[in-house]
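Beneath this line is the structure, given in structure tokens, with notes to follow.
4 protein chains.
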Amino acid sequence: MAKVSQAHLEARRRSILEAAARVFSQKGVAAATMAEIAQEAGISPGAIYRYFASKEELAREGMAGPAEAVKAAWEHPEQVETGFAELSRATFAALELPGADLDTRLLLERALVAARDEDAALLDEFGAELGRILRGVAYLLRRDYGERLEGYDVEGLAQALYSFYWGARFVQLMAPGAPGPVRQLEAVQRLMAAAFGPQEGPAERS
Amino acid sequence: MAKVSQAHLEARRRSILEAAARVFSQKGVAAATMAEIAQEAGISPGAIYRYFASKEELAREGMAGPAEAVKAAWEHPEQVETGFAELSRATFAALELPGADLDTRLLLERALVAARDEDAALLDEFGAELGRILRGVAYLLRRDYGERLEGYDVEGLAQALYSFYWGARFVQLMAPGAPGPVRQLEAVQRLMAAAFGPQEGPAERS
Amino acid sequence: MAKVSQAHLEARRRSILEAAARVFSQKGVAAATMAEIAQEAGISPGAIYRYFASKEELAREGMAGPAEAVKAAWEHPEQVETGFAELSRATFAALELPGADLDTRLLLERALVAARDEDAALLDEFGAELGRILRGVAYLLRRDYGERLEGYDVEGLAQALYSFYWGARFVQLMAPGAPGPVRQLEAVQRLMAAAFGPQEGPAERS
Amino acid sequence: MAKVSQAHLEARRRSILEAAARVFSQKGVAAATMAEIAQEAGISPGAIYRYFASKEELAREGMAGPAEAVKAAWEHPEQVETGFAELSRATFAALELPGADLDTRLLLERALVAARDEDAALLDEFGAELGRILRGVAYLLRRDYGERLEGYDVEGLAQALYSFYWGARFVQLMAPGAPGPVRQLEAVQRLMAAAFGPQEGPAERS
DNA sequence: TATGAATGAGCGTTCATTCAT
DNA sequence: TATGAATGAACGCTCATTCAT
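Residue numbers (our numbering), protein chains in the order written: chain A, 1 to 206; chain B, 1 to 206; chain C, 1 to 206; chain D, 1 to 206.
Shown next as structure tokens:
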């Protein structure tokens with residue numbers, strides 16, 4: 001029963017995690033009850049404790065951000081074929097998919113928890129991720145716009161774009177009726193196109 | 001302890017609100033206890049209920065966003081002497097003041113609560129505020145950049161800038177070490193300057 | 001200020017007691033709050049404590065049964081001119097006056113309190129009152145029906161009539177739509193008339 | 001402690017109800033605490049809430065009058081073999097059993113609560129029960145005494161007898177030393193016998 | 001190993017009582 | 001002496017956690 005169990009155990013663990021994420025994002029970590037999570041996962045409350053030592057641990061793991069595929073792309077830009085514009089567009093388009101708001105809520109709550117507890121580990125993780133993504137953004141900017149970035153604070157610009165991304169998520173959550181992420185991005189891209197000169201820029205590539 | 005002046009009562013009320021804001025932003029609304037808030041305010045738990053009917057009401061009022069002066073400026077741009085660039089700078093500079101993070105936490109939690117409960121009132125309020133600010137941003141953009149905005153989706157751009165602002169707040173909270181709001185803004189302003197043509201643009205105004 | 005105060009003090013004390021009786025009979029002793037009673041009495045909560053040491057004392061005194069005039073008549077039947085039938089009728093007719101239910105509630109609650117706490121004093125008081133009234137009822141029965149009561153357990157009958165009175169109060173409270181006290185009494189009097197022979201009985205008197 | 005049988009659950013529920021009835025009748029519903037009831041039932045306070053949603057619900061169910069067998073007899077007089085006199089005697093005799101006072105207290109408190117809150121449901125229930133019993137009493141009176149009731153307000157008389165019953169309960173609670181229910185009833189029955197003529201009356205039946 | 005009834009600490013809230021004014 | 005804001009113990013209730021089954 002040993003080896004097979006191992007796989008089952010892992011599956012069960014993941015299913016609890018997913019149930020928890022659903023409940024957390026809907027109600028918030030504090031308001032969610034273990035009983036609810038158990039029901040969502042289709043097991044008994046007591047069983048959860050075979051897989052997670054406490055609600056806190058479950059929250060910590062259950063809020064570990066959704067493994068966004070797009071994130072990986074930004075973190076490893078060398079392996080990315082598409083240009084900055086296309087990747088941006090895909091990233092922002094994903095925000096308009098159903099379910100994005102749930103992720104945003106979870107991410108925000110997670111951020112809040114980290115900021116409140118001065119949870120160094122979580123904060124560091126976020127910082128590290130930010131660093132990787134920033135590097136990716138800057139890399140792609142440089143690759144696509146080359147010397148036309150001369151005189152620009154590319155890191156500052158990359159950070160601004162990253163902020164813009166988070167802000168778009170946030171506003172989308174709070175005011176679904178406002179101009180959506182994609183429309184915002186288009187306005188920004190028009191700006192960048194104008195700033196970095198004739199459309200040849202990114203087009204040169206290929 | 002009878003017949004305390006109206007002013008005293010008001011002061012007490014405000015002091016409770018401030019204590020609550022501190023505790024809420026530190027621990028989150030759900031985790032904060034009335035006992036803690038009372039202690040922070042230097043009174044007994046029961047006394048709070050002379051001023052606020054419930055924890056929920058206290059949370060509602062205690063999280064009512066700090067009356068940011070800057071916000072007013074964006075909402076009434078006709079009365080604003082300074083240009084778009086200057087106002088932006090002031091707005092972002094304020095984010096680097098101490099205490100900004102506290103506000104951001106409170107605002108985020110408030111947003112989360114609203115989004116979770118589908119609290120129509122709060123959501124509407126946010127949406128209305130967003131609308132006013134967007135109008136202000138667009139107004140200032142048009143006033144400062146005039147016909148050079150020809151062909152631009154000014155509303156989309158305004159929304160993008162607003163998103164950028166929120167994102168900057170968020171990132172600042174989560175990764176204090178990253179390029180700060182002001183540096184990000186400078187990069188964006190450089191971009192806008194390049195896009196909207198020779199520096200004369202905003203300068204024309206005088 | 002001394003002598004005049006004395007009268008005022010007594011008046012104030014009584015007004016508190018009346019306010020308390022009103023609130024107690026409406027909400028019950030446990031649910032009534034000192035603040036409510038104070039408001040009803042038109043004073044401040046703190047002031048009550050100048051006149052009564054505690055809520056319990058206030059309850060004890062405030063529930064001291066309404067000084068029913070009829071009760072006095074039954075307790076001192078020698079001074080009563082009217083016959084048993086007339087006094088009974090007056091007694092039951094009073095139950096159909098507005099306000100009777102409020103008294104009934106208060107009396108019932110008081111009874112409950114006494115029965116619960118095995119409050120010997122209150123229980124004794126009720127017992128003593130019962131004794132006096134029973135004696136009065138028996139006295140009037142014997143005076144009015146004379147030897148026709150031969151062979152009857154007059155004390156048992158008197159007690160039954162007293163029970164009937166209380167039961168009528170109780171049912172009136174719980175089921176206002178049922179045949180009222182007076183109608184019930186009439187049925188009983190018809191029964192007594194039939195049992196004790198030709199109407200001459202009480203009529204002989206004069 | 002999982003998968004306890006349905007029977008166990010039912011038993012536990014009933015034991016809580018019994019504990020509650022004991023405490024309620026001893027202290028009154030308002031003064032009784034959940035902790036006390038829990039202790040009386042031999043469980044923890046929290047456990048009660050698996051069986052009852054609130055103290056109020058517990059009170060509602062815990063005060064649901066003891067399913068008196070006698071009551072059923074009065075409500076379905078057609079199925080009753082015994083005559084009015086015998087059934088009355090059984091009913092009043094039951095009042096002298098130990099435990100009757102406990103029930104009376106509970107019933108009185110329940111009545112008070114209903115009257116205070118103007119609890120329409122409870123009041124209606126009481127009214128409906130009263131109606132059924134009254135019908136039963138009148139039915140039995142007519143069956144046993146037949147045409148000798150000519151000229152009587154049978155409904156009024158039935159109601160008077162019902163009031164008498166409640167009053168006897170009440171007085172018994174408050175003044176245990178007074179002539180007991182059975183003795184009172186005997187006096188009343190003597191009266192009825194005298195009023196309705198020669199003993200043949202009920203005897204005719206056979 | 002899973003269950004889910006039970007625990008009990010801790011929460012929000014109330015209110016009798018006190019006491020500075 | 002009256003006021004009424006403040007106290008703080010105690011309540012009803014919740015729920016993370018435990019453990020007998």
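Built from N, CA and C at the ideal position, the CB exists for glycine as well.
| query | result |
| --- | --- |
| Would B:Ser-163 and A:Gln-184 qualify as a contact pair, given that the criterion is a beta-carbon distance under 8 Å? | yes |
| Roughly how many whole angstroms lie between the Cα atoms of A:Asp-153 and B:Ala-178? | 14 Å |
| Assign C:Leu-97 to one of three DSSP states: helix, strand, or coil. | coil |
| Please name the residues in the segment 144 to 158 of chain C whose beta-carbon is closer than 7 Å to at least one beta-carbon of chain D, in chain order. | Tyr-152, Asp-153, Glu-155, Gly-156, Leu-157 |
| At the level of alpha carbons, what is the spacing between B:Gly-99 and D:Ala-41? | 54 Å |
| By Cβ distance, which residues of its chain are closer than 6 Å to B:Glu-200, with the 5 residues on each side in sequence left out? | Only weak support exists for where B:Glu-200 lies, its pLDDT of 46 falling under 50; the value from the coordinates is given anyway. Once the five neighbours on either side are set aside, B:Glu-200 has no close Cβ partner at all. |
| Output yes or no for whether 8 Å exceeds the beta carbon distance between D:Phe-84 and D:Leu-149. | no |
| For the segment 59 to 91 of chain C, which residues have a beta carbon sitting closer than 8 Å to at least one beta carbon of chain D? | none |
| Can you tell me the Cα-Cα spacing of D:Ala-175 and C:Leu-122, whole angstroms? | 11 Å |
| State yes or no: is the C-beta of D:Gly-28 within less than 8 Å of the C-beta of C:Leu-112? | yes |
| Taking the alpha-carbon of B:Ala-64 as reference, which of B:Tyr-49, B:Leu-97, B:Arg-22, B:Leu-87 has the nearest alpha-carbon? | B:Arg-22 |
| Determine which residues of the segment 175 to 200 of chain C have a Cβ less than 7 Å from any Cβ of chain D, and write them out in chain order. | Ala-175, Gly-177, Ala-178, Pro-179, Arg-183, Gln-184, Glu-186, Ala-187, Val-188, Arg-190, Leu-191, Met-192, Ala-194, Ala-195 |
| I'd like to know whether the C-beta atoms of C:Leu-108 and D:Leu-108 end up nearer to each other than 8 Å. | yes |
| Compare the C-beta of B:Gly-99 against all C-beta atoms of chain A and say whether one is closer than 8 Å. | no |
| Let me know the secondary structure DSSP gives C:Met-63 once reduced to three states. | coil |
| Looking at D:Glu-96 and D:Val-182, is the spacing between their C-beta atoms short of 8 Å? | yes |
| Answer yes or no: does any C-beta atom of chain A fall closer than 8 Å to that of B:Gly-136? | no |
| Taking C-beta pairs closer than 8 Å, name the residues in chain A that B:Val-171 reaches, listed in chain order. | Leu-130, Gln-159, Tyr-162, Ser-163, Trp-166 |
| In chain C, which residues lie with their C-beta within 9 Å of the C-beta of D:Arg-142? | What D:Arg-142 touches in chain C: nothing, since even the nearest Cβ is about 14 Å away. |
| Of all Cβ atoms in chain B, is any one closer than 8 Å to the Cβ of A:Leu-95? | no |
| Going by other Cβ atoms of all chains shown within 10 Å of its Cβ, with 16 needed for buried, is C:Arg-169 buried or exposed? | buried |
| Any chance the segment 69 to 79 of chain A sits against the segment 128 to 140 of chain A, with 3 or more Cβ pairs inside 8 Å? | yes |
| Determine the closest residue to B:Met-192 out of B:Gly-180, B:Leu-173, B:Ala-158, with distance taken between C-alpha atoms. | B:Ala-158 |
| On the three-state DSSP scale, how would you describe A:Arg-14? | helix |
| Could you spell out the range, first to last residue, of the alpha helix (DSSP H) harbouring A:Gly-226? | Examination of residue 226 of chain A is not possible in this model, given that chain A is present from 1 through 206 alone. |
| What did DSSP end up calling B:Ile-48 once you bin it into helix, strand or coil? | helix |
| Could you please give the first and the last residue of the uninterrupted alpha helix (DSSP H) stretch that includes B:Glu-75? | 69 to 75 |
| Along the chain, which unbroken stretches of the alpha helix (DSSP H) at least 4 residues long are found entirely within the segment 165 to 205 of chain B? | 181 to 195, 200 to 203 |
| What does a CB cutoff of less than 7 Å around D:Arg-132 pick up in its chain, not counting 5 residues either side in sequence? | Glu-75 |
| Taking only three categories from DSSP, how would you classify B:Asp-153? | coil |
| Look up C:Thr-91 in the DSSP assignment and say whether it is helix, strand or coil. | helix |
| CA-CA distance, C:Ala-120 and D:Ala-195? | 40 Å |
| Should C:Met-1 be labelled buried (16 or more other beta-carbon atoms within 10 Å of its own) or exposed? | Caution is warranted here: a pLDDT of 42 is assigned to C:Met-1, below 50, making its placement in the model unreliable, and the coordinate value is therefore given only provisionally. Exposed. |
| Which chain A residues are close to B:Pro-17, counting only those with a beta carbon under 8 Å from its beta carbon? | Just to set this straight, residue 17 of chain B is Leu in the shown sequence, not Pro. Under the 8 Å cutoff, chain A gives no residues; its nearest Cβ is about 19 Å from B:Leu-17. |
| Going along the segment 8 to 33 of chain C in order, which residues come within less than 9 Å of chain D, judged by CB to CB distance? | Ser-25, Gln-26, Lys-27, Gly-28, Val-29, Ala-30, Ala-31 |
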